[in-house]
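Asker: Sharing a structure below in structure tokens format, with a few things to ask.
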Amino acid sequence: MNATGPSLSAQLTAAAWREDLGGARTRPAPAPEGAFNQLAPGPGADEDPVKTLETILGAAVPEHLAAELESARTALAYARARATERHRHLAALAARAGAPTLARLIAGGTRDVDGTARLLETLATDGHQLHPCARTRLGWTRTDLERYDLETPRPIGVRLIADRGGVLSRSGQDFRTHPMLAGLDLPDPVLPVHPWQLEHRILPEYGHLFATGRLRLLEATVPAWPTAAIRTLAGHRAPGALKLALGIHITSTRRDISPHTARLAPLLSALLGDLPGPPHAFATDTAGAWLDGARDLTAIARSPLREATPAGTVCVPATALTATSPVTGASLAAEYADWSGDPDAWLRDYAALFTVPVLTKAAMGIGLEAHLQNSLVAMRGPAPHTPITRDLGGARLHTPSLPFDLTLPPDSPVNAPSMDQVRSKAAYTLFQNHLAAIAAALERDCGTDTAAFWADLADRIADLDLPAADRDAYLAPAMPTKALLTMRLHPGREIETLVDNPLARSRP
Numbered sequence: 010m011n012a013t014g015p016s017l018s019a020q021l022t023a024a025a026w027r028e029d030l031g032g033a034r035t036r037p038a039p040a041p042e043g044a045f046n047q048l049a050p051g052p053g054a055d056e057d058p059v060k061t062l063e064t065i066l067g068a069a070v071p072e073h074l075a076a077e078l079e080s081a082r083t084a085l086a087y088a089r090a091r092a093t094e095r096h097r098h099l100a101a102l103a104a105r106a107g108a109p110t111l112a113r114l115i116a117g118g119t120r121d122v123d124g125t126a127r128l129l130e131t132l133a134t135d136g137h138q139l140h141p142c143a144r145t146r147l148g149w150t151r152t153d154l155e156r157y158d159l160e161t162p163r164p165i166g167v168r169l170i171a172d173r174g175g176v177l178s179r180s181g182q183d184f185r186t187h188p189m190l191a192g193l194d195l196p197d198p199v200l201p202v203h204p205w206q207l208e209h210r211i212l213p214e215y216g217h218l219f220a221t222g223r224l225r226l227l228e229a230t231v232p233a234w235p236t237a238a239i240r241t242l243a244g245h246r247a248p249g250a251l252k253l254a255l256g257i258h259i260t261s262t263r264r265d266i267s268p269h270t271a272r273l274a275p276l277l278s279a280l281l282g283d284l285p286g287p288p289h290a291f292a293t294d295t296a297g298a299w300l301d302g303a304r305d306l307t308a309i310a311r312s313p314l315r316e317a318t319p320a321g322t323v324c325v326p327a328t329a330l331t332a333t334s335p336v337t338g339a340s341l342a343a344e345y346a347d348w349s350g351d352p353d354a355w356l357r358d359y360a361a362l363f364t365v366p367v368l369t370k371a372a373m374g375i376g377l378e379a380h381l382q383n384s385l386v387a388m389r390g391p392a393p394h395t396p397i398t399r400d401l402g403g404a405r406l407h408t409p410s411l412p413f414d415l416t417l418p419p420d421s422p423v424n425a426p427s428m429d430q431v432r433s434k435a436a437y438t439l440f441q442n443h444l445a446a447i448a449a450a451l452e453r454d455c456g457t458d459t460a461a462f463w464a465d466l467a468d469r470i471a472d473l474d475l476p477a478a479d480r481d482a483y484l485a486p487a488m489p490t491k492a493l494l495t496m497r498l499h500p501g502r503e504i505e506t507l508v509d510n511p512l513a514r515s516r517p
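All letters in the sequence shown, in the order written, are residues 10 to 517 by the working numbering.
Now the structure itself:
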């Protein structure tokens, strides 16, 4: 089974249409249009993406964006070639096991929850489905792609830096108690670092800390695999994950980690985990460490997924659900939905599972980043059982509305000045990024009635015990969307545009 998808040029065209860039939506749609003005381009020729964007803009593409597009084009082609080999391996495993679908093959993975989830992460070859620069890897060479990107065939050796001089600050638990570091002889507190980061950012910039003995590079390494987030690495021999600063440009930004994020992560995980409400599990951030005033020497430890996954279930990353199964050629979501016997009901159940807790928390001033990459679902057979959220660094918090005490610096990116930002974060990530992708995959592969789905979801939202302002925002005729391509034309700016809202169109 080949790992193929829309060309980068087709993704650019879809982004321009969704954002109405240059009045794109005044012209005939170049591909079928779905919810939130999202196009569904099919596989196409690998055209020059810079020339495609120049045609859309009627002007030259800025130099920085041309470089990002070239990086994305190269990395995407290489990723798809390597993913094809992985798909063949998975298809062979299913054939030997007599499993008619990938969903049925992994249903037996309840004893190794973390390993099964990590394997499924590799299906997300194209990355962020709404971002044309999803596979941008500015700063990496071809060798770096081979060693460190999602499709690497060998685990990455995470390096450890001993904080002998006490120069690092910490929050939460000690990294040495994390399962991935268990069994190592570590007399001093440590900071795990990505090997690329160590070579290209840390040693060149902070060599004086090593020269004076305040920091010491240890010989021990921790084997780990990249997840869809790339800088977050899942354990190879032990469960859990480490989110590490990685100073390369992916999608829209350089992927280092702010000290504020590392400080807040364990605290926020604990606060959210104690909230009452509908079933909702979190992959808990347990530890953070950082060098004050720097973003290069920063890390966060995350608990094993098995701790958030109910017994007898498997943990499936939502990014895998929209990806093509190497066994059937349909989406993994379609395999589950068909297995259930009623794809339309399966989609409604899945959507309700996430919608109720995410919108309930938004009403409390907690705007979770509930997009595909941060969402996982515990599956019991074909049935979605429990929603799981990971990585709270992109959340938006309106402190006056929170059900707990939390002080945030005014310039914190997590700090939402108004509830409008909280609602926008929840609605964009949950509806536009997450559920729209699942619904489109099932419409394509199972023939589900998406108009009926959005109408049913709108009725469910209307019946939730939410503030009127929340319901009005989620069911409005138009909804703000992140203008991801437009933002790359104007880096450093947060830009939104309005898209048609199927939750409103479907209602009487």
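C-beta atoms are modelled at their ideal positions from N, C-alpha and C, and glycine is treated no differently. What you are looking at is a predicted structure, and each value in this text was computed from that prediction instead of being measured.
#1: Could you check which residue in Gly53, Ala33, Leu99 has the C-alpha nearest to that of glycine 67?
#2: What number of angstroms, rounded off, separates the C-alpha of glycine 456 from the C-alpha of alanine 464?
#3: Can you tell which of Leu276, Gly374, His269 has the C-alpha that lies nearest to the C-alpha of aspartate 420?
#4: Give me the Cβ distance between arginine 311 and arginine 399, rounded to the nearest whole Å; I'm assuming they're in contact under 8 angstroms.
#5: Are the beta-carbon atoms belonging to alanine 274 and isoleucine 239 less than 7 angstroms from one another?
#6: Which runs of the alpha helix (DSSP H) fall wholly inside the region 334-408 and span at least 4 residues, in chain order?
#7: What's the gap between the Cα of alanine 24 and the Cα of glycine 403?
#8: So the alpha helix (DSSP H) cysteine 455 belongs to, where does it begin and stop?
#9: Is glycine 244 helix, strand or coil by DSSP?
#10: Could you say which of Ala103, Leu227, Ile165, Ser180 lies nearest to aspartate 194 if we only look at CA atoms?
#11: Identify which residue in Ala379, Ile375, Gly390, Asp479 has its Cα closest to the Cα of arginine 405.
#12: Just list the residues that DSSP pairs lysine 252 with in beta bridges.
#13: Using 7 angstroms as the threshold, is the C-beta distance between valine 485 and leucine 314 below it?
#14: Looking at arginine 432: is its Cβ nearer than 7 angstroms to the Cβ of alanine 371?
#15: At what residues does the beta strand (DSSP E) containing aspartate 172 begin and finish?
#16: When we look at the beta-carbon of alanine 237 and count the other beta-carbons within 10 Å, is it buried (16 or more) or exposed?
#17: As a quick exercise: from Asp474, Leu159, Arg185, pick the residue whose alpha carbon is nearest that of isoleucine 170.
#18: Could you check the C-alpha separation between asparagine 510 and alanine 229 for me, to the nearest Å?
#19: Helix, strand or coil for arginine 225, going by three-state DSSP, please let me know.
#20: Output needed for alanine 482: all residues of its chain with C-beta closer than 6 angstroms, excluding positions within five of it in sequence on either side, in chain order.
#21: Rounded to the nearest angstrom, what separates leucine 224 and glutamate 214 at their Cα positions?
#22: Just mark arginine 105 as buried or exposed, buried being the case when its beta carbon has 16 or more other beta carbons within 10 Å.
#23: Please name the residue in Glu77, Met488, Pro391 whose C-alpha comes closest to that of glycine 148.
#24: Which one or two residues does DSSP pair with alanine 298 in a beta bridge?
#25: Just grab the DSSP bridge partners of valine 323 for me.
#26: What would DSSP say about aspartate 509, mapped onto helix, strand or coil?
#27: Which stretch, first to last residue, makes up the alpha helix (DSSP H) that contains valine 122?
#28: Would you mind reading off the limits of the alpha helix (DSSP H) that contains arginine 113?
#29: Reducing DSSP to helix, strand and coil, say where alanine 68 ends up.
#30: Just the C-alpha distance for leucine 439 and glutamate 160, rounded to the nearest angstrom, thanks.
#31: Tell whether a beta-carbon distance below 7 angstroms holds between histidine 258 and leucine 493.
#32: Express the C-alpha separation of histidine 96 and methionine 10 in angstroms, rounding to a whole number.
#33: Any idea what DSSP makes of glycine 286, helix, strand or coil?
#34: With DSSP run on the structure shown, which of helix, strand or coil describes isoleucine 504?
#35: Looking at the strands, I want to know which residues DSSP matches up with glutamate 42.
#36: Counting along the chain, where does the alpha helix (DSSP H) carrying threonine 459 start and finish?
Answerer: On the basis of the coordinates in this document:
#1: For the purposes of this step, residue 67 is taken as residue 58 along the sequence shown, with counting starting at 1. The option with the nearest alpha carbon to glycine 67 is Ala33.
#2: Along the sequence shown, read from residue 1 onward, the residue named residue 456 stands at position 447. Along the sequence shown, read from residue 1 onward, the residue named residue 464 stands at position 455. If you take the alpha carbons of glycine 456 and alanine 464, they lie about 16 angstroms apart.
#3: In the sequence shown, residue 420 corresponds to position 411, counting from 1. Comparing Cα positions, the closest option is His269.
#4: Your numbering for residue 311 matches position 302 in the sequence shown. Your numbering for residue 399 matches position 390 in the sequence shown. About 7 angstroms separates the two Cβ atoms, so the contact holds.
#5: Here residue 274 is taken as the residue at index 265 of the sequence shown, counted from 1. Here residue 239 is taken as the residue at index 230 of the sequence shown, counted from 1. No, Cβ-Cβ distance for alanine 274 and isoleucine 239 is not below 7 angstroms.
#6: 341-349, 352-372
#7: The sequence position of residue 24 within the sequence shown is 15, counting from 1. The sequence position of residue 403 within the sequence shown is 394, counting from 1. Straight-line Cα distance between these residues: approximately 22 angstroms.
#8: Along the sequence shown, one-based indexing puts residue 455 at 446. Counting along the chain, the alpha helix (DSSP H) containing cysteine 455 begins and ends at 445-455.
#9: Start at 1 with the first residue of the sequence shown, and residue 244 comes out as number 235. Note: glycine 244 maps to strand in three-state DSSP.
#10: Here residue 194 refers to the residue found at position 185 of the sequence shown. Selected option, being the one with the closest Cα: Leu227.
#11: Position 396 of the sequence shown, counted from the start, is the residue given in the question as residue 405. Measuring from the Cα of arginine 405, the nearest candidate turns out to be Ile375.
#12: Counting from one through the sequence shown, the residue named residue 252 turns up at place 243. For lysine 252, which the question treats as bridged, DSSP gives the partners Thr241, Ile309.
#13: Position 476 of the sequence shown holds residue 485. Position 305 of the sequence shown holds residue 314. Valine is not the amino acid found at residue 485; the sequence shown has alanine there. No; because the gap between Cβ atoms is not below 7 angstroms, this pair is not in contact.
#14: The residue you call residue 432 lines up with position 423 of the sequence shown. The residue you call residue 371 lines up with position 362 of the sequence shown. Yes, these two residues count as a Cβ contact at 7 angstroms.
#15: Locating residue 172 in the sequence shown gives position 163, counting from the first residue. 165-172 is the span of the beta strand (DSSP E), which, as asked, contains aspartate 172.
#16: Along the sequence shown, read from residue 1 onward, the residue named residue 237 stands at position 228. Burial call: buried.
#17: Indexing the sequence shown from 1 puts residue 170 at position 161. The candidate whose alpha carbon is nearest that of isoleucine 170 is Arg185.
#18: Here the question's residue 510 lines up with position 501 in the sequence shown. Here the question's residue 229 lines up with position 220 in the sequence shown. When rounded, the distance between both Cα atoms is 52 angstroms.
#19: For this step, residue 225 is matched to residue 216 along the sequence shown. Reduced to three states, the DSSP call for arginine 225 is strand.
#20: Counting from one through the sequence shown, the residue named residue 482 turns up at place 473. Closer than 6 angstroms at the Cβ level, and outside the excluded window around alanine 482, lie Arg432.
#21: The sequence position of residue 224 within the sequence shown is 215, counting from 1. The sequence position of residue 214 within the sequence shown is 205, counting from 1. In a straight line, the C-alpha of leucine 224 is about 13 angstroms away from that of glutamate 214.
#22: Walking along the sequence shown from the start, residue 105 turns up at place 96. When all chains shown are included, arginine 105 counts as exposed.
#23: Along the sequence shown, read from residue 1 onward, the residue named residue 148 stands at position 139. Of Glu77, Met488, Pro391, the residue nearest in Cα terms is Glu77.
#24: The residue you call residue 298 lines up with position 289 of the sequence shown. In the DSSP output, where bridge partners are listed per residue, alanine 298 has Arg179, Ala308.
#25: Indexing the sequence shown from 1 puts residue 323 at position 314. According to DSSP, valine 323 bridges with Met388.
#26: The residue you call residue 509 lines up with position 500 of the sequence shown. Strand.
#27: On the sequence shown, residue 122 is found 113 positions in, with the first residue counted as 1. Valine 122 -> alpha helix (DSSP H) spans 122-130.
#28: As a working mapping, residue 113 is identified with position 104 in the sequence shown. Looking at the DSSP string, the run of the alpha helix (DSSP H) that includes arginine 113 is 111-115.
#29: Looking up residue 68 in the sequence shown gives position 59. Alanine 68: coil per DSSP, three-state reduction.
#30: As a first step, residue 439 is located in the sequence shown; it is residue number 430 there, counting from the start. As a first step, residue 160 is located in the sequence shown; it is residue number 151 there, counting from the start. When rounded, the distance between both Cα atoms is 27 angstroms.
#31: Reading the sequence shown from its first residue, position 249 is the one you call residue 258. Reading the sequence shown from its first residue, position 484 is the one you call residue 493. No, Cβ-Cβ distance for histidine 258 and leucine 493 is not below 7 angstroms.
#32: Reading the sequence shown from its first residue, position 1 is the one you call residue 10. Reading the sequence shown from its first residue, position 87 is the one you call residue 96. Confidence at methionine 10 is low in this model, with a pLDDT of 49, below 50, so the placement of that residue is unreliable and no value is reported for it.
#33: Start at 1 with the first residue of the sequence shown, and residue 286 comes out as number 277. Coil at glycine 286, not helix or strand.
#34: In the sequence shown, residue 504 corresponds to position 495, counting from 1. It is coil, neither helix nor strand.
#35: Position 33 of the sequence shown, counted from the first residue, corresponds to residue 42. Paired residue(s): Leu48.
#36: Numbered from its first residue, the sequence shown carries residue 459 at position 450. Run containing threonine 459: 459-472, per the alpha helix (DSSP H) assignment.
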